[in-house]
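Residue numbers (our numbering): 235 to 369.
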C-alpha cells in the first residue's frame, strides 16, 4: 500500500514530504494500471494528511495495520533469532505499554482496530502476526 515509499523516503526530509505520501503520485500510478477508485481511496486514506475519510473496512484496516507491521518488525529485532515467526502476541501487547519502544509508532492508530473495526487489539495482533509470518 506504500507504492510511493521509495520516491518519498528517498527525499532528504521525510517530514517535509509527508503530504506527498499516498497523494498524486500514488493515484496516478494506480489509475495507470486501472486500479479501482474505491481501492485507491482506501490506500490514500491511511495517510491522515490526505484528509480522505476512512469510509470502508479496507481503509480502516490499512490505517490500523500500517503502524502495527512496523511495530512487529521492531519487536522481532529484539528476539534472539530476529524472526517475525518468533514474536508472540503477548510480546507485542507488552511492548505497546513501553512508550520509548518504537516511539515513532502511533499506538492510537493501531488501537483503532477496536474503535473502528470492533476487533480487540490482542486478536488484531494475532491476525497480523499470522499474516506476516507467512511472508
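The beta carbon of each residue, even a glycine, is placed where N, CA and C say it ideally should be.
Mind checking whether residue i and residue j have CB atoms under 8 Å apart?
i           : j           : result
residue 298 : residue 343 : yes
Measuring alpha carbon to alpha carbon, tell me which of the options ends up nearest residue i.
i           : options            : result
residue 332 : 305, 317, 352      : 305
residue 340 : 261, 259, 268, 281 : 281
residue 290 : 355, 349, 272, 365 : 272
residue 313 : 286, 358, 325      : 325
Around the Cβ of residue i, are there at least 16 other Cβ atoms within 10 angstroms (buried) or fewer (exposed)?
i           : result
residue 334 : exposed
residue 277 : buried
residue 349 : exposed
residue 248 : Residue placement at residue 248 is poorly supported in this model, since its pLDDT is 49, which falls under 50; the coordinates are not used for a value here.
residue 283 : exposed
residue 245 : For residue 245, the pLDDT reaches just 49, beneath the cut-off of 50, and the residue's location in the model is therefore unreliable, leaving the point undetermined.
I'd like the span of the alpha helix (DSSP H) that includes residue i, first residue to last.
i           : result
residue 272 : 271-279
residue 301 : 291-311
residue 344 : 341-344
Quick one: any contact between the segment 283-300 and the segment 308-327, if contact means 3 or more CB pairs under 8 Å?
no
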